[in-house]
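For reference, the structure discussed in these notes is given below.
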Amino acid sequence: MSEFDYDLFVIGGGSGGVRAARIAAGHGAKVAIAEEYRYGGTCVIRGCVPKKLLVYASKFSEEFEDAAGFGWTTGDASFDWTKLIANKDREIDRLNQVYMTNLEKAGVEMFHTRAELRDAHSVKLLSEDRHVTARYILIATGAKANVDPGVPGVKHAITSNEAFHLDEFPKRVVIAGGGYIAVEFAGIFNGMGVETTQVYRRDMILRGFDQDLRESLTEEMTKKGVRIVTGQVFTDIAKGSDGLQVTLSGGEVLNADQVMFAIGRDPYTSGLGLENAGVELDGKGAVKVDAYSKTNVDHIYAVGDVTNRINLTPVAIREGHAFADTVFGNKPVAVDHSNVASAVFSQPEIGTVGLTEHQARERFENVVVFRSKFRPMKHTLSGRDERMLMKVIVDRQTDKVLGCHIMGPDAGEMAQLLGIAIKMGATKADFDATMAVHPTAAEELVTMREPVSG
Ligand code: NDP
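My numbering numbers the first residue of the sequence shown as 21 and each following residue consecutively.
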């Protein structure tokens, strides 16, 4: 008989935790997992998946407009938010069930409760009012959406959590933030016909992304109708006679039906009892881990957003898998966090992998940049005034492609494939030797010959 109830107890049933639990069970471990909300976690329940469904929904308004140039006459289109949300919820329920079925099939014991550490080997299951013990514990609790508690009237504001379940469809929305979630929701609401204002505290949205992408996205979002206010924050949110009134630091007062904070997410470590086990956190409240996701306590590990490394679902999944292989599969795996491709489902979409031009110039002496900005073929007939951007950044000394940045239709799909080439160490000569696929937008990536700067 083992001295513990379980070989592994996982706290958090999101992407990272579920993958770790299933793989560990597959290696023969006795595994339990606890989730306080719904299995699937942020990505499946109130993040990537429902977000992308809303992005699809919001794009139809432009599709209807664009159809005219191709000879179509479309009738009066109308949009039913309640129906969309009900359909989206049905899909999320299905995925939630798939997650639970997969855990069950893997032989993982599931608890629907909040779980907190009582000491280094035992976990309190709150709604069951008991505790269990485990040889290993994995913290996979993700992150929580922030609001600015210093803004008077903050209680009137929502985060992305609530945006997926609004009872009433808003006519006017004001969003704070300039990151992934703010630009994605600005596009969603704007596409659905909502008067949308995005308020960002610095000079240009998507800090950390390539400068050309940031400028181009700002331009295209503005053309589509999003009002982007920079250099300002909310100073007050109040209920007025005409919905909510948001006061900006510049003095302007905006009327809105919903006010949303998309100002980042903090690692969800509070109240978890980590101090009872002596687990160290960093200055931002993230669990500190080594390359194998091990905390300072030998048998306690952490994966995903709670560790604040690269906060993306596929990274959490990879970290969870690597943890299980390392601890239960006798195969130590350290996750490689370099050249992680990602997409922003803004409108237009962004796909990116590798270094920005700025980062490349900081790290390499001789950088060459290839850039192409053009009207996507579809818009030659639709008449839409929209440009697509592609940028390839190369180290002249080795000819290696250091980064690729795309804004335009299907940019995320392209980034996935570019990720393989860049991970393999592709050179510009490899890109040039690759035959184009015609007529596509992606062919620009292998036909750019003249550098714009070097
Ligand atoms: P981000 O970290 O991407 O952006 C946060 C934004 O809020 C920044 O523009 C930041 O400004 C601003 N901000 C921070 N604090 C304040 C404040 N007190 N007042 C005003 N503005 C503030 O966070 P998100 O919430 O957009 O997303 C969270 C994470 O979720 C992302 O980092 C990403 O990892 C993940 N995600 C990924 C997606 C994808 O892969 N497509 C989609 C959605 C989320 P500043 O630039 O000045 O710091």
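Heads up, the beta-carbon is just placed ideally off N, CA and C, and yes, glycines get one too.
- A residue is called buried when at least 16 other Cβ atoms come within 10 angstroms of its Cβ; T161 meets this threshold and is buried.
- Under the Cβ criterion (8 Å, minimum of three pairs), the region 373 to 392 counts as touching the region 347 to 361.
- Straight through space, the alpha carbons of L74 and L186 are spaced by roughly 13 Å.
- If you look at T217, you'll find it in the beta strand (DSSP E) that goes 215 to 220.
- E204 has its Cβ nearer than 7 Å to a heavy atom of the ligand NDP.
- Set against 7 Å, the gap from the CB of R58 to the closest heavy atom of the ligand NDP is not smaller.
- Judged by DSSP in its simplified three-state form, A160 adopts coil rather than helix or strand.
- Distance from L28 to Y156 at the Cβ level is roughly 5 Å; contact confirmed, criterion being Cβ atoms closer than 8 Å.
- No heavy atom of the ligand NDP is found nearer than 7 Å to the CB of V266.
- Here DSSP, grouped into helix, strand and coil, assigns M241 to helix.
- Within the DSSP secondary-structure output, F131 pairs in a beta bridge with A54.
- Residues Q218, I225, L226, L237, M241, V364, S366 of the same chain have their beta carbon placed closer than 8 Å to that of V203, with the five preceding and five following residues left out of the count.
- Residue state for S358 is assigned as coil, using DSSP reduced to three classes.
- Judged by DSSP in its simplified three-state form, N275 adopts strand.
- Each of I413, H357, L123 was checked against the Cα of I53, and the nearest Cα belongs to L123.
- DSSP places M120 in the helix class (H, G or I) of the three-state scheme.
- Inter-residue distance for K420 and D139 is about 50 Å (C-alpha atoms, whole angstroms).
- In the three-state scheme derived from DSSP, where H, G and I count as helix and E and B as strand, R155 is classed as strand.
- In this chain, the alpha helix (DSSP H) harbouring R381 covers 377 to 383.
- Look at G198 here: in three-state DSSP terms it is coil, with no helix or strand label.
- The C-beta distance from A311 to I159 rounds to 17 Å, too long to fall under 8 Å, and the pair is not in contact.
- Contact between A282 and S142 does not hold, since the beta-carbon distance rounds to 37 Å and is not under 8 Å.
- Cβ neighbours of T267 within its own chain (closer than 6 Å, five residues either side excluded): T255, D256, V273.
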